[in-house]
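One structure is given below, encoded as structure tokens.
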Amino acid sequence: MLIKYFLSLFLLVSVLVSRDIAPLFTLRTSGLVSDFVVDEGRVYVATNSGSIDIFDLQTQKVVDRIVLEPIITARGETIPTAIHSVDRLNGKTLFVSSGSAGYRIVWVYENFELKKLVDIESKILAKKARFIDNEHILLGTFGSDVMLFDTNEGYRLYNSHISQSAMGGMVLSEDKQRMVMGDESGVVRIIDVATSDIIKKLPAQNLDNIYRIAYKNGTIITASQDRRVGVYPSQGQAYHLKSNFLVYAVGLSLDGKIGVYSSGTEHTLQLFDTQTRAKKERLIGHKAVVNKIEFLHSKIIISAGDEQRIFVWNLES
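As structure tokens, then:
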């Protein structure tokens, strides 16, 4: 009883001393943000306006853009090409865009040259594309297929169907040897990237579609339609936190000790301790649904959503 009393007191004090933090600054984008990646002090932002906006974090200015030609619809209308996924490695930019007939195109941009890796003729509904190394990329599709491509030879090393449910979140480990995937059923799987073998199927903490996954230092957290944040610590039992609204995005500090999730109709970001479950600071300022949160390092967080801004937060401010 005494231990429970002190634990309850600790959690109460944690809530009382937590504070709201406004963004350090925001970056205005050319369209609504669907994805972003940070590389060597620059943020590469995928938008629905047919552009990847490239910002320098130090100057807080746009330094370049990768722009795609618009799409001509079946009705002859011209619309911007939505870009859904972006990644970076060794000076290369990898991204997924909409194509005609609902299919997706996978591109790589290097040395001011744009090259198609996967065209619409392949009829692949790619959701995300990620670099594994200079010669290999991993694709995840809406139908929960995972494909490893050799970009030099232009062929698939494998095409594996992982789940009968639609793919939700997909994220790689820091060494890119493991992939964690969630789906519409709420199940989380750890997959070997080299073989596509399922290493482990985790006990489900979510009952519905998983939107996003974060995976750092062995800890996994999930954002789900069931208003739960699934937490799978590197040590200890899995658990979930309940939210009062659908959870669209999650993030993890590099050591896996601090988690963050989108919370409530006001689109705040709630930080918490992944071991003690204690809530910490809230990040306030978003005006629309948040779809991605990343820790740049232990004190800097970058987030974005269905609005024309990238938010940068300093937890020490």
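With the numbering used here applied, the sequence shown covers -3 to 313.
Using N, Cα and C, we set each Cβ at its ideal position, and we do this for glycine too.
Computed from a prediction, not measured in an experiment: that's the story for all the values here.
To the nearest angstrom, report how far apart residue i and residue j are at their CA atoms.
| i | j | result |
| --- | --- | --- |
| residue 273 | residue 97 | 45 Å |
| residue 200 | residue 170 | 23 Å |
| residue 214 | residue 68 | 45 Å |
| residue 93 | residue 101 | 5 Å |
| residue 309 | residue 184 | 29 Å |
| residue 147 | residue 131 | 5 Å |
| residue 20 | residue 112 | 37 Å |
| residue 240 | residue 286 | 15 Å |
Let me confirm a value: residue i is counted as buried when at least 16 other C-beta atoms fall within 10 Å, else exposed. Which label applies?
| i | result |
| --- | --- |
| residue 263 | buried |
| residue 312 | exposed |
| residue 108 | exposed |
| residue 126 | buried |
| residue 75 | exposed |
| residue 167 | buried |
| residue 242 | buried |
| residue 299 | buried |
| residue 78 | buried |
| residue 226 | buried |
Going by DSSP, which residues form a beta bridge with residue i?
| i | result |
| --- | --- |
| residue 74 | 68 |
| residue 155 | 143 |
| residue 21 | 308 |
| residue 324 | Outside the displayed span of the chain (-3 to 313) sits residue 324, for which this structure offers no information. |
| residue 30 | According to DSSP, which records beta bridges pairwise, residue 30 is partnered with nothing at all. |
| residue 283 | None, per the DSSP bridge assignment. |
| residue 225 | 219 and 237 |
Am I right that residue i and residue j are in contact with their C-beta atoms under 8 Å? What's the rounded C-beta distance?
| i | j | result |
| --- | --- | --- |
| residue 124 | residue 136 | 5 Å |
| residue 246 | residue 217 | 5 Å |
| residue 187 | residue 174 | 7 Å |
| residue 178 | residue 212 | Actually they do not touch by this definition, with Cβ atoms about 16 Å apart. |
| residue 138 | residue 110 | About 24 Å separates the two Cβ atoms, so there is no contact after all. |
Suppose contacts are defined by Cβ-Cβ distances below 9 Å. Is residue i in contact with residue j by that definition?
| i | j | result |
| --- | --- | --- |
| residue 220 | residue 228 | no |
| residue 51 | residue 82 | no |
| residue 223 | residue 29 | no |
Is the shortest distance between the beta-carbon of residue i and the beta-carbons of chain D less than 9 Å?
| i | result |
| --- | --- |
| residue 52 | Annotation note: the requested chain D is absent from the structure, which comprises a single protein chain. |
Beta carbon of residue i: closer than 8 Å to some heavy atom of the ligand MG?
| i | result |
| --- | --- |
| residue 55 | The model on display carries no ligand, and the ligand MG is accordingly not part of it. |
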